[in-house]
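Structure first, commentary second.
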Amino acid sequence: GSRRGQDPGPQPLKLKEVFTLFQIRYNRSYSNPAEYARRLDIFARNLAEAQRLQEEDLGTAEFGVTPFSDLTEEEFGQLYGLQRAAGRALNVDRKVGSDERGQT
Amino acid sequence: VPPTCDWRKAAGIISPVKDQKNCNCCWAITAAGNIESLWGITFQKSVEVSVQQLLDCNRCGDGCKGGYIWDAFITVLNDSGLASEKDYPFRATSRTHNCQAKKYKKVAWIQDFIMLPDCEQGIARYLATEGPITVTINVKLLQHYQKGVIKATPTNCDPQHVDHSVLLVGFGKCKSVEGRQAATSQSRPHPRPRHSIPYWILKNSWGASWGEEGYFRLHRGSNACGITKFPVTARVVKPAKKQQKLVSCPP
């Protein structure tokens, strides 16, 4: 509140600086300016999400910039989850393969 | 059940953290890690088995497009064991219908595999007495994870939607962060007493530079991220003559 009215200029620049550091650290480059802008937007959303998780978490976890900070949640799930088809998670009956002898 | 257990502290049991790169093969790397650790415990023999064999010889097609832990164990049973990582190295791409299993000597094999009961106390007991096991969790929170113990809720990490397999290698307790607790209870006149947080130690497959040197910790006792949904392990059994177990889980 006390900063309201002051020059808001540095704010986007700071985000871009953090994003540049992320690109250097994880060796990321993007094919065109539109893709760069899209990834920057995703990066900003992920930083906000990490901050929200940090505030909510009751353990000792720290959330923040990771190698996956330029991916959407859907992209991350598809790249690093084990689902065979996009949008379908593992959801089989737990009894399959259990100790109930005689069942296939 | 001992109060703490960490198989990483026992020499030659846990192999180095792998990096699955652009191949969606957490299931194969985790199954391989399970077999490696059980061989280390049962035979005091350090082995690194071929993840690539699991991908190429997988009966369900392209292993880099995902798979299930039990598919990996069925492949091991069908191939009568796994070649070494050195002979049949990981390439982060799968070559369907190009299984090279028969070309190489097998360095590890399994008798069968089982699913454990979905109870965290039972899982801890099995982990401490038999060795590391595979679990499948909701991967969502790991996108932003850096370090520490994640205490997830069903809202921010749905325990029914599990989509990432990892190796459970230990458990313990740590002190809570006083500042964090105080921040969430500002109306309290006195600071909340410090209490301990029980956690699981899990080995991931995103390289040693991710998380806590390739590992992460999840809260124990709350089915965090669905950790109890599919606790599965291979079984490596010694011949009847040599039944005595020599290695136990270090505290």
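Same order as they appear, the protein sequences are chains A and B.
Each residue of the first sequence is one higher than the one before, counting from 1 in this note's numbering.
Each residue of the second sequence is one higher than the one before, counting from 105 in this note's numbering.
From the three backbone atoms N, C-alpha and C, an ideal C-beta is built for every residue, glycine too.
Predicted model only: the values in this text are computed from it and were never measured.
Is residue 303(B) close to chain A, meaning its C-beta is less than 9 Å from at least one C-beta of that chain? Judged by the 9 Å Cβ criterion, residue 303(B) is in contact with chain A.
Under three-state DSSP, which class holds residue 100(A)? A caution first: residue 100(A) carries a pLDDT of 38, below 50, which makes its placement in the model unreliable, though a value can still be read off. Residue 100(A) carries a coil assignment under DSSP once its states are collapsed to helix, strand and coil.
Please list the terminal residues of the continuous alpha helix (DSSP H) segment that includes residue 318(B). That residue, residue 318(B), is in no alpha helix (DSSP H); it is neither H nor E in DSSP.
Could you please give the first and the last residue of the uninterrupted beta strand (DSSP E) stretch that includes residue 336(B)? Counting along the chain, the beta strand (DSSP E) containing residue 336(B) begins and ends at 336-339.
Euclidean distance between Cα positions of residue 77(A) and residue 267(B): Answer to the nearest angstrom: the Cα atoms are 8 Å apart.
Mind checking whether residue 204(B) and residue 187(B) have CB atoms under 9 Å apart? Cβ distance < 9 Å, so residue 204(B) and residue 187(B) count as in contact.
Could you tell me the distance, in whole angstroms, from the CA atom of residue 14(A) to the CA atom of residue 31(A)? Going by C-alpha positions, residue 14(A) is about 23 Å away from residue 31(A).
Is the CB of residue 138(B) under 9 Å away from at least one CB in chain A? By the rule that beta-carbons nearer than 9 Å mark a contact, residue 138(B) does not touch chain A.
Report the three-state DSSP secondary structure of residue 123(B) (helix, strand or coil). In the displayed model, residue 123(B) falls within a strand according to three-state DSSP.
Residues of the region 14-48 of chain A with Cβ closer than 8 Å to any Cβ of chain B, in chain order: Residues 46.
Do you know whose CA, among 305(B), 330(B), 216(B), lies nearest residue 258(B)'s CA? Measuring from the Cα of residue 258(B), the nearest candidate turns out to be 330(B).
Check each residue of the region 245-271 of chain B: if its Cβ is closer than 7 Å to any Cβ of chain A, include it; give the result in chain order. Per Cβ criterion, the list reads 245, 247, 248, 249, 250, 251, 252, 253, 254, 255, 260, 265, 266, 267, 268, 269.
What is the DSSP secondary structure of residue 82(B), counted as helix, strand or coil? Beyond the ends of chain B as shown, which are 105 and 355, falls residue 82(B); an answer cannot be given.
Look at the alpha carbon of residue 252(B) and the alpha carbon of residue 302(B), and state the distance between them as a whole number of angstroms. A direct Cα-Cα distance of roughly 12 Å separates residue 252(B) from residue 302(B).
Since residue 243(B) and residue 213(B) should fall inside the 8 Å C-beta cutoff, what is the C-beta to C-beta distance between them, to a whole number of angstroms? In fact, because the Cβ distance is near 30 Å, the residues do not count as touching under 8 Å.
I want to see whether chain A comes within less than 9 Å of residue 128(B), judged by CB atoms only; does it? Residue-level contact check: residue 128(B) touches chain A, since one or more beta carbons of chain A fall below 9 Å from its beta carbon.
Cut-off 8 Å between Cβ atoms - residues of its own chain near residue 28(A), not counting five sequence neighbours on either side: Spatial neighbours of residue 28(A) in its own chain (CB-CB distance under 8 Å, excluding positions within 5 residues in sequence) are listed in chain order as 22, 39, 70.
Please say whether residue 43(A) and residue 245(B) have beta carbons closer to each other than 9 Å? Not in contact: residue 245(B) and residue 43(A) (Cβ atoms no closer than 9 Å).
Mind listing, in chain order, the continuous beta strand (DSSP E) runs of no fewer than 3 residues lying wholly within the region 159-240 of chain B? 210-212, 216-219, all fully within the region 159-240 of chain B.
Out of 315(B), 127(B), 219(B), state which residue places its alpha-carbon closest to the alpha-carbon of residue 156(B). When only C-alpha atoms are compared, the closest one is 127(B).
Give a yes or no on whether 9 Å exceeds the smallest Cβ distance from residue 276(B) to chain D. The structure shown contains no chain D; its protein chains are A and B.
According to the neighbour-count rule (16 or more other Cβ atoms, all chains shown, within 10 Å of its Cβ), is residue 107(B) buried or exposed? Its Cβ having fewer than 16 others within 10 Å, residue 107(B) is exposed.
Please report the distance separating the alpha-carbon of residue 54(A) from that of residue 61(A). Cα-Cα distance, rounded: 7 Å.
Using 8 Å as the Cβ pair cut-off and three pairs as the minimum, do the region 142-161 of chain B and the region 183-198 of chain B touch? As far as the Cβ criterion goes, the region 142-161 of chain B touches the region 183-198 of chain B, which means the pair count is three or higher.
Flag this pair as yes or no: are the beta carbons of residue 117(B) and residue 236(B) separated by less than 9 Å? Yes; because the gap between Cβ atoms is below 9 Å, this pair is in contact.
Residue 248(B): buried (16+ other C-beta within 10 angstroms of its C-beta) or exposed? That one is buried.
Please list, in chain order, all residues of the same chain as residue 19(A) whose beta carbon is under 6 Å from its beta carbon, the five residues on each side excluded. 40, 43, listed in sequence order.
Name the DSSP beta bridge partners of residue 299(B), please? Note: residue 299(B) sits in no beta bridge, so no partner.
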